[in-house]
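Down below is the structure, laid out as structure tokens.
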Amino acid sequence: MNISIKSYDDSSFSVQFLDGFSTPLLNAVRNVPGRRWDSDRKIWLIPDNQKAVDQLLKNIFETGLFNLPQRDFEKTAASRSQDSIINSEIRKLTEALTVRHYSEHTKQCYKKWVEDFLQKQVSDLGRDDLHQNDLQEDDFHADDFQKDYFHVVGEVQINEFLKDLALKKHVSASTQNQALAALLFYFRFVKNTPVMELGSVIHAKKKERIPVVFSRDEVARVIGCMYGNKKLIAKLLYGTGMRLNEALNLRILDLDFDRNEIIIRHGKGDKDRHVMIPQKLVPELKAHIEKVRQIHNQDLADGWGAVVLPGALVGKYQSGSKEFKWQWLFPQKNRWINAQTGEQGRWHLDESLLQRAVKQAVLEAGVNKNASCHTFRHSFATHLLEIGYDIRTIQELLGHSDVSTTMIYTHVLNRGAGGVVSPLDCL
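Using my numbering, read the sequence shown as starting at 94 and increasing by one per residue.
Below is the structure:
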């Protein structure tokens, strides 16, 4: 039987049963204090503290269902030291990202890429240095490893890592550049290496691709195949042009019906912006908010009802966490337990639920396009251009820093290739 235990976020580990589970195994996890079930991802989340981890491992091995591979017992002192150093580097990276107010999504992405990079360096060092020089465990010192290796890692190692991503893992140019951004941040703010010394690293050239766009009829057909909150969110994506994560991060106070606008806070690039509320959605949104109010009132009656506040308000306005205005506009169905506070609350709907719902709706609608949630945003911009709105207005609504990003939608207008009469049709 196989079980996967991985770091999930700053406060918890994920536990996933890869081959199904038995009652003893389920009880082993349930008996860990502070554990919670993530129904969206189908994983258990365990608090990231020594007591909880020790209890989890003890409970699991007492079931008698697992055999720990012999190689795990033979882990060398050197590899343990290397793991400790990598964890230390990731903690430093997390601190550097946090003090600069990077979003949680960006923090998770950067930590993943930097950890992958450091693991590769350790692996390469193990092959090239530890084995070739026939070092013994007693010869390995963590301080020497950190001083003599990570501090001299630079352009060559970054280029090798990026080449592996492209040639072996076949990642896209945008993914490769995201990894580069993470590494440049790490070297600049954690290792204090001037960026100018890393000027020769590989920058992947992104291919210009025309975005997938729905016709108006296709929008109606796809949305018509959706139901409940997911249908309302899809309408919001098309009607405002916001990104999926922006819609899911909306709170009650972000909707201003008097001014007919929605405030999108901490969007891409940590920018705030305003978008309009589609008039057709006003009755639906108001009815939805009343349903959320009923859910929140019941949570309060049960002694819960707190929500995680935006970073700047944590600590100095914690009493506001139970106020209705701070609740998510689209809360998840089930409560979860905050591993740090021990309180029950609700998070917003998970992105994967909407992504799957849209994919299914596209199939049911018979739309033969490689469409996703983001296609609603592309369609919003293209359809506004088609009815005569200027490119600058659309740039502001989409939250683009550079108008050249918005200009891509001019390539999919009806007056492009589809608006040209072929000479064959003139014969």
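For every residue, glycine included, the Cβ atom is placed at its ideal position computed from N, Cα and C.
Through-space distance from residue j to residue i, alpha-carbon basis
{"i": "S177", "j": "R184", "result": "11 angstroms"}
{"i": "S414", "j": "G317", "result": "36 angstroms"}
{"i": "V530", "j": "F350", "result": "Nothing in the structure corresponds to residue 530, since the chain is present only between 94 and 520."}
{"i": "V146", "j": "S100", "result": "11 angstroms"}
{"i": "K379", "j": "R386", "result": "11 angstroms"}
{"i": "N252", "j": "H381", "result": "50 angstroms"}
{"i": "L273", "j": "A189", "result": "17 angstroms"}
{"i": "Q212", "j": "I487", "result": "43 angstroms"}
{"i": "S107", "j": "I136", "result": "6 angstroms"}
{"i": "T191", "j": "L402", "result": "15 angstroms"}
{"i": "I326", "j": "H493", "result": "21 angstroms"}
{"i": "H198", "j": "R352", "result": "30 angstroms"}
{"i": "I179", "j": "C202", "result": "16 angstroms"}
{"i": "L259", "j": "Q250", "result": "For clarity, residue 259 is Ala in the given sequence; the question names Leu instead. Their Cα atoms are separated by approximately 14 angstroms."}
{"i": "D141", "j": "Q271", "result": "27 angstroms"}
{"i": "E230", "j": "W440", "result": "Confidence at E230 is low in this model, with a pLDDT of 41, below 50, so its placement is unreliable and the value that follows should be read with caution. Roughly 46 angstroms separates the two Cα atoms."}
{"i": "N152", "j": "N124", "result": "8 angstroms"}
{"i": "K200", "j": "R129", "result": "23 angstroms"}
{"i": "G481", "j": "R309", "result": "16 angstroms"}
{"i": "D102", "j": "S181", "result": "15 angstroms"}
{"i": "L337", "j": "H467", "result": "7 angstroms"}
{"i": "N322", "j": "L422", "result": "10 angstroms"}
{"i": "S115", "j": "Q109", "result": "13 angstroms"}
{"i": "L477", "j": "Q448", "result": "24 angstroms"}
{"i": "L346", "j": "K418", "result": "5 angstroms"}
{"i": "L149", "j": "A121", "result": "7 angstroms"}
{"i": "I501", "j": "W429", "result": "41 angstroms"}
{"i": "D392", "j": "N342", "result": "20 angstroms"}
{"i": "H194", "j": "K364", "result": "12 angstroms"}
{"i": "K361", "j": "K426", "result": "27 angstroms"}
Inter-residue CB distance, residue i and residue j (contact presumed, cutoff 8 angstroms)
{"i": "P424", "j": "I370", "result": "With 8 angstroms as the limit, P424 and I370 do not qualify as a contact, their Cβ atoms being about 20 angstroms apart."}
{"i": "R358", "j": "Q420", "result": "Not really, about 15 angstroms apart at Cβ, beyond 8 angstroms."}
{"i": "L111", "j": "I96", "result": "7 angstroms"}
{"i": "L491", "j": "T499", "result": "6 angstroms"}
{"i": "V368", "j": "E354", "result": "7 angstroms"}
{"i": "A399", "j": "G438", "result": "5 angstroms"}
{"i": "E311", "j": "V460", "result": "5 angstroms"}
{"i": "L329", "j": "R470", "result": "With 8 angstroms as the limit, L329 and R470 do not qualify as a contact, their Cβ atoms being about 11 angstroms apart."}
{"i": "F307", "j": "A464", "result": "7 angstroms"}
{"i": "V283", "j": "L186", "result": "5 angstroms"}
{"i": "P117", "j": "L158", "result": "7 angstroms"}
{"i": "V207", "j": "A313", "result": "That belief does not hold up - the Cβ atoms of V207 and A313 are roughly 44 angstroms apart, past 8 angstroms."}
{"i": "F280", "j": "F210", "result": "Going by Cβ atoms, the distance from F280 to F210 rounds to 10 angstroms, so no, they are not a contact pair."}
{"i": "R366", "j": "E489", "result": "7 angstroms"}
Cβ of residue i within 8 angstroms of any chain D Cβ
{"i": "Q143", "result": "Structure shown: chain D not included; a single protein chain is present."}
Three-state secondary structure assigned by DSSP to residue i
{"i": "H504", "result": "helix"}
{"i": "A327", "result": "helix"}
{"i": "D257", "result": "helix"}
{"i": "R344", "result": "strand"}
{"i": "P117", "result": "helix"}
{"i": "E457", "result": "helix"}
{"i": "D443", "result": "coil"}
{"i": "V368", "result": "strand"}
{"i": "S107", "result": "strand"}
{"i": "E383", "result": "helix"}
{"i": "G334", "result": "coil"}
{"i": "W397", "result": "coil"}
{"i": "R352", "result": "coil"}
{"i": "Q420", "result": "coil"}
{"i": "D483", "result": "coil"}
{"i": "Q448", "result": "helix"}
{"i": "I303", "result": "coil"}
{"i": "G492", "result": "coil"}
{"i": "R437", "result": "A quick correction: the sequence has Gln, not Arg, at residue 437. Here Q437 sits in strand by DSSP."}
Extent of the continuous alpha helix (DSSP H) to which residue i belongs
{"i": "H476", "result": "466 to 479"}
{"i": "S497", "result": "496 to 499"}
{"i": "K144", "result": "143 to 155"}
{"i": "R314", "result": "309 to 317"}
{"i": "Q271", "result": "266 to 278"}
Residue i beta carbon near the ligand GTP (any heavy atom closer than 7 angstroms)
{"i": "K151", "result": "Absence of the ligand GTP is noted for the structure shown, with no ligands found whatsoever."}
Opening and closing residue of the beta strand (DSSP E) in which residue i lies
{"i": "S97", "result": "96 to 102"}
{"i": "L138", "result": "136 to 140"}
{"i": "R129", "result": "129 to 131"}
ask   = Curious, which full-length alpha helix (DSSP H) runs of at least 4 residues does the stretch 169 to 219 contain?
value = 170 to 192, 197 to 218
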